[in-house]
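Here the structure is laid out as structure tokens; the discussion comes afterwards.
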Amino acid sequence: MQYGAFNVNNMEIIQAIVDAAAEENSPVILQASSSAIKYARINYLRKMVEAATEDTSIPIALHLDHGPDFETCKMCIDNGFTSVMIDGSKYDFEENVALTKKVVDYAHSKGVVVEAELGKLAGVEDEVNVSDKDAMYTDPDQAKEFVERTGCDSLAIAIGTSHGAYKFKGEAKLRFDILAKVKEKLPNTPIVLHGASTVIPELVEMCNKYGADIPGAKGVPDEMLNEASKSGVSKINVDTDLRLAMTAAIRKVFAEEPSAFDPRKYMTPARDLIKQTVQHKIRDVFCSSNKA
Ligand code: PGH
Ligand code: CA
Ligand code: ZN
Numbered sequence: 171m172q173y174g175a176f177n178v179n180n181m182e183i184i185q186a187i188v189d190a191a192a193e194e195n196s197p198v199i200l201q202a203s204s205s206a207i208k209y210a211r212i213n214y215l216r217k218m219v220e221a222a223t224e225d226t227s228i229p230i231a232l233h234l235d236h237g238p239d240f241e242t243c244k245m246c247i248d249n250g251f252t253s254v255m256i257d258g259s260k261y262d263f264e265e266n267v268a269l270t271k272k273v274v275d276y277a278h279s280k281g282v283v284v285e286a287e288l289g290k291l292a293g294v295e296d297e298v299n300v301s302d303k304d305a306m307y308t309d310p311d312q313a314k315e316f317v318e319r320t321g322c323d324s325l326a327i328a329i330g331t332s333h334g335a336y337k338f339k340g341e342a343k344l345r346f347d348i349l350a351k352v353k354e355k356l357p358n359t360p361i362v363l364h365g366a367s368t369v370i371p372e373l374v375e376m377c378n379k380y381g382a383d384i385p386g387a388k389g390v391p392d393e394m395l396n397e398a399s400k401s402g403v404s405k406i407n408v409d410t411d412l413r414l415a416m417t418a419a420i421r422k423v424f425a426e427e428p429s430a431f432d433p434r435k436y437m438t439p440a441r442d443l444i445k446q447t448v449q450h451k452i453r454d455v456f457c458s459s460n461k462a
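According to my numbering, the residues represented by the sequence shown are 171 to 462, in order.
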């Protein structure tokens, strides 16, 4: 089984994801980065997700995405998040181990699980900028040592994906051989794939048709996500595709109805298109739909 983890930062996005997951009868992970928490404010996020859980019977996790330090992880744990990620991938191995272990010790004492990261993704992360040259695949032997020494519950690995809308210059290519070796060394550790948006061509086209300037965007094709799912990836992180859906829908209304200025006029189609996008992923790409 593989679950989508979708990035959230406002009410419409939360509603769209939860409605899609509920229709597919699939558990879902809502995740917020530290910049999303700054934007939406932690109390609003927590209460909106609480409202979502009251509104539906599917299990919903609230997860911190790319926690930059111990303090941010602690703040989220103390505010009812069900899991946190500590992203120590910018540090060297020993520092990453020490930081991750510190977060794991605190989180586990509160019944919260921890995702950690080993290896570097190319591209722009929240506040971390990793150049292509520095992109570093995860070493499977190190991964085993890392999980044993930190006690982390799941591990994000680098096998060639990156964050954002420009993942590949030429053909999309993922190192499934590295994934297979990591699974061999760590058969019981759930593996997380970051930077897993498809950068859905129809959404990019729709954005560009209505005035955007997003040329040459490229993501991870659905077939590869499918293969990742069959090869033992448990959590698939998606943010960019939701951003594209929202932008495409809003741009369309602005282009076609210049006189519209009620936010509901463009936020309603935006929410609908995010929902469709999430539903497609849960049903057709990831293996988490419980729909007959
Ligand atoms: C992600 C999202 N969030 O942590 O990894 O990646 O940019 O591919 O949506 P995308
Ligand atoms: Ca990282
Ligand atoms: Zn990520």
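All C-beta atoms in this analysis are idealised placements derived from N, C-alpha and C, irrespective of residue type, glycine included. Remember, it's a predicted structure, so these values are computed and weren't measured experimentally.
Classify residue i as helix, strand or coil using the three-state DSSP reduction.
| i | result |
| --- | --- |
| Gln-201 | strand |
| Val-380 | According to the sequence as given, residue 380 is Tyr; it is not Val. Coil, per DSSP. |
| Leu-373 | helix |
| Asp-235 | strand |
| Met-255 | strand |
| Leu-344 | coil |
| Met-394 | helix |
| Ile-327 | strand |
| Ile-228 | coil |
| Met-181 | helix |
| Met-306 | strand |
| Tyr-261 | coil |
| Asn-460 | coil |
| Ala-206 | helix |
| Pro-428 | coil |
| Glu-297 | Note that Glu-297 scores 48 on pLDDT, short of 50, meaning its location in the model is unreliable and no value can be drawn from it. |
| Cys-246 | helix |
Using a Cβ-Cβ cut-off of 7 angstroms (strictly less than) and excluding sequence neighbours within five positions of residue i, which residues of its own chain qualify?
| i | result |
| --- | --- |
| Ser-399 | Gln-172, Phe-456 and Cys-457 |
| Val-267 | Phe-316, Arg-319 and Thr-320 |
| Ala-387 | Ala-335, Tyr-336, Val-369 and Val-374 |
| Ala-469 | An answer regarding residue 469 cannot be provided, because it is not within the stretch 171 to 462 covered by the chain. |
| Glu-397 | Phe-346 |
| Ala-425 | Tyr-380 and Gly-381 |
Please tell me whether, using a cut-off of 7 angstroms, the distance from the CB of residue i to the nearest non-hydrogen atom of ligand 3 is below it.
| i | result |
| --- | --- |
| Asp-235 | yes |
| Asn-407 | yes |
Does residue i pass the burial test, meaning 16 or more other C-beta atoms within 10 Å, or should it be called exposed?
| i | result |
| --- | --- |
| Ser-279 | exposed |
| Lys-209 | It is Tyr, not Lys, that sits at residue 209 in the sequence shown. Exposed, since its Cβ has fewer than 16 Cβ neighbours within 10 Å. |
| Asn-213 | exposed |
| Tyr-436 | buried |
| Pro-310 | buried |
Checking the sheet assignment: what are the DSSP bridge partners for residue i?
| i | result |
| --- | --- |
| Val-403 | Ile-361 |
| Gly-386 | Answer is none; Gly-386 lacks a bridge partner. |
| Phe-176 | Leu-200 and Val-408 |
| Val-283 | Ser-253 |
Any heavy atom of ligand 2 closer than 7 angstroms to the beta-carbon of residue i?
| i | result |
| --- | --- |
| Asp-257 | yes |
| Leu-291 | yes |
Tell me which same chain residues have a C-beta within less than 6 angstroms of the C-beta of residue i, skipping the five on either side of it?
| i | result |
| --- | --- |
| Gly-389 | Lys-337, Ser-367, Thr-368 and Val-369 |
| Leu-363 | Ala-398, Val-403 and Ile-406 |
Take residue i and list the residues in its own chain whose beta-carbon comes closer than 8 angstroms to its own, dropping the five residues that flank it on each side.
| i | result |
| --- | --- |
| Val-282 | Ile-247, Phe-251, Thr-252, Ser-253 and Val-254 |
| Gln-446 | Ala-190 and Ala-415 |
| Gly-237 | Ser-204, Cys-243, Cys-246, Val-254, Met-255, Ile-256, Asp-257 and Val-273 |
Mind checking whether the beta-carbon of residue i lies closer than 7 angstroms to any heavy atom of ligand 5?
| i | result |
| --- | --- |
| Thr-410 | Although ligand 5 was asked about, the structure shown includes only ligand 1, ligand 2 and ligand 3 as ligands. |
May I ask you to check if the CB of residue i is nearer than 7 angstroms to at least one heavy atom of ligand 1?
| i | result |
| --- | --- |
| Ser-367 | yes |
| Gly-281 | no |
| Asn-180 | no |
| Asn-537 | Residue 537 lies beyond the residue range present for the chain, which begins at 171 and ends at 462; the question has no answer from this structure. |
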